[in-house]
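Below: the structure, in structure tokens.
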Amino acid sequence: MKKIRMIFIIIVFAALALPGLFILIVPDKSYSENENRYLQTRPKFSVDKIFSGELQQELTDYFSDQFVKRDFWTATATKVKKAAGYDDIGGVFLGKDHYYFEKIEDSDISATRYNQNLNFVKQFLKKHEDLDSAVMIVPSPGTVLSDKLPQGAMLYNSDGMYKQAETILKGNGFIDIRPELKAASGDYIYYRTDHHWTAQGAYIGYQQYCKKKGLNVKDFDSFQAAAVTKDFYGTLYSKALDSAAIPDTIELPQNLPSVSVEYNGKEYDSIYDDSKLETKDKYAVFFGGNYGEVVINTSAGTGKRLMVVKDSFANSMIPYLLEDYDQIIMVDMRYYRGSLSKDIRENKITDILVLYEMSNFAEDGNLYKLNTFE
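For what it's worth, our numbering labels the leading residue of the sequence shown as 411, then goes sequentially.
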């Protein structure tokens, strides 16, 4: 009996210890292609980190990120939870019609930071009030496709946040596109497995932007959007790894003018990077991903130049605007290290568009840089 008990203890100990030993022995993975993010590698010890609590957090993230066969165990856990009736898995709501929605509640939104970001934008646009400006904050998919949320699912108070934005940014060309997106909620305007909007969703953004600015609106069909992949599994799928997921289709507008595009010190003749269609992060087909600054030169001959302060939602809307501006400069404040005011002066910018998805905008910690350099 004692021998059996000892064998049982050894088995349990091995089951608990071996994953940890594997983590210490196997080389760290620095990047997860499935999750499209950098992983926590082995932390460096320091006294300051210990007392600040930073080391403990890094160790927690390290063991979580480097856990052996992490994707396998995540997928297995999803199957078990679904069988038990759960529809909230890994921070993702499993919605109707195979839609996934990021679980973002009021507690996930910093009211202070959101208010600060609105005022950072207001201050920036005030500084450049001689330019024609617009602000578009795109609603999160779950706040538009609310009928596809699982029963009882609660998201953050987006209505209150839009009301606050309209109040603070009054007179700065604020564009509320919620009514138009909700009217088209029966169409394919957001991806099922990803948090971005589709070619159709981005077109609605383009449509409302043009109406606000008095620009000619081209029909969606005139852009001749065509499917370039039907095998896109986005970031929300990566969090849940649900075997029942249906892959998304990415469509790209094809009838576009010739352009030259500059980013990362190189020049390209297309806004699309087809090589990204062979990777997990297929949404990066737009411009190859996100960069501090992307400069697009066209032959539109309109005499207008647009600066777009943006997140990745803008990447799929910009193709529709190529015939409306001689130059479009896209700036992502997460990676931008220059002076916006200097860029505006030197490039003779005539128009500014601030374009973010709502939850991204609310939590962005870089918008203070809009006003830090002259």
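Just so you know, even glycine gets a beta-carbon here, dropped at the ideal spot from N, CA and C. Every value quoted in this text rests on a predicted model; they were computed, and no experiment measured them.
Alpha carbons only, please: which of Val705, Asn674, Ala521 is nearest the one belonging to Asp774? Ala521
If I measure Cβ to Cβ from Ile762 and keep anything under 6 Å in the same chain, skipping five residues before and after, which residues do I get? Leu541, Ser543, Met717
Among Gly615, Val671, Ala694, which residue has its Cα nearest to the Cα of Gly644? Ala694
Length of the line joining the Cα atoms of His606 and Glu733: 24 Å
Measuring only the C-alpha atoms, how far is Lys592 from Gly611? 10 Å
If you measure from the beta carbon of Gln617 to each beta carbon in chain B, is any gap under 7 Å? Annotation note: the requested chain B is absent from the structure, which comprises a single protein chain.
Between the CA atoms of Ile587 and Gly615 - distance to the nearest angstrom: 7 Å
Compare the C-alpha of Glu661 against each of Ile578, Asp684, Leu646 and name the closest. Asp684
Ser595 to Lys454 span [Cα, whole Å]: 48 Å
For Leu765, which three-state DSSP category applies? strand
Can you tell me whether DSSP reads Asp516 as helix, strand or coil? helix
Is Val669 helix, strand or coil by DSSP? coil
Please look up how many angstroms separate the CB atoms of Asn700 and Tyr745, rounded, as I've assumed it's under 8 Å. 7 Å
Suppose the cutoff is 7 Å on Cβ atoms and the five residues either side in sequence are ignored; what does the same chain contact list for Asp497 look like? Phe503, Leu504, Pro560
In whole angstroms, what is the alpha-carbon distance linking Asp557 and Phe534? 37 Å
Under 7 Å, do Lys649 and Gly501 count as touching if we go by C-beta distance? yes
If you run the structure through DSSP and keep just helix, strand and coil, what is Leu777? helix
Three-state class that DSSP yields for Val531 in the structure shown: helix
What is the DSSP secondary structure of Lys573, reduced to helix, strand or coil? helix
Going along the chain, which residues of its own chain have a beta-carbon closer than 6 Å to the beta-carbon of Ser550, five neighbours each way excluded? Met768, Ser769
Between which two residues does the alpha helix (DSSP H) carrying Ala612 extend? 609-623
Reduced DSSP secondary structure (H/G/I, E/B, other) of Gln526: helix
Per the DSSP calculation, Gln737 is bridged to which residue(s)? Asn707, Arg715
Could you check if Ser568 is buried or exposed, using at least 16 other CB atoms within 10 Å of its CB as the buried criterion? buried
Under the rule that 16 or more other beta-carbon atoms within 10 Å means buried, what is Asp679, buried or exposed? exposed
What is the DSSP secondary structure of Ala563, reduced to helix, strand or coil? coil
Can the beta-carbon of Tyr766 be found closer than 7 Å to that of Phe530? no
Assign Asp498 to one of three DSSP states: helix, strand, or coil. strand
Using a threshold of 7 Å, state whether the C-beta atoms of Phe642 and Asp652 are closer than that. no
Is DSSP giving Lys720 helix, strand or coil here? strand
Helix, strand or coil: which one does DSSP assign to Val478? Since pLDDT at Val478 reaches only 49, below the 50 mark, its modelled position is unreliable, and the value read off the structure follows with that caveat. Three-state result, Val478: coil.
The beta strand (DSSP E) spanning Asp753 covers which residue range? Element bounds for Asp753: not the beta strand (DSSP E) but the alpha helix (DSSP H), 750-756.
What is the DSSP secondary structure of Glu539, reduced to helix, strand or coil? coil
What did DSSP end up calling Lys558 once you bin it into helix, strand or coil? helix
Report the rounded CA-to-CA distance for Arg715 versus Ala772, giving the unit in angstroms. 27 Å
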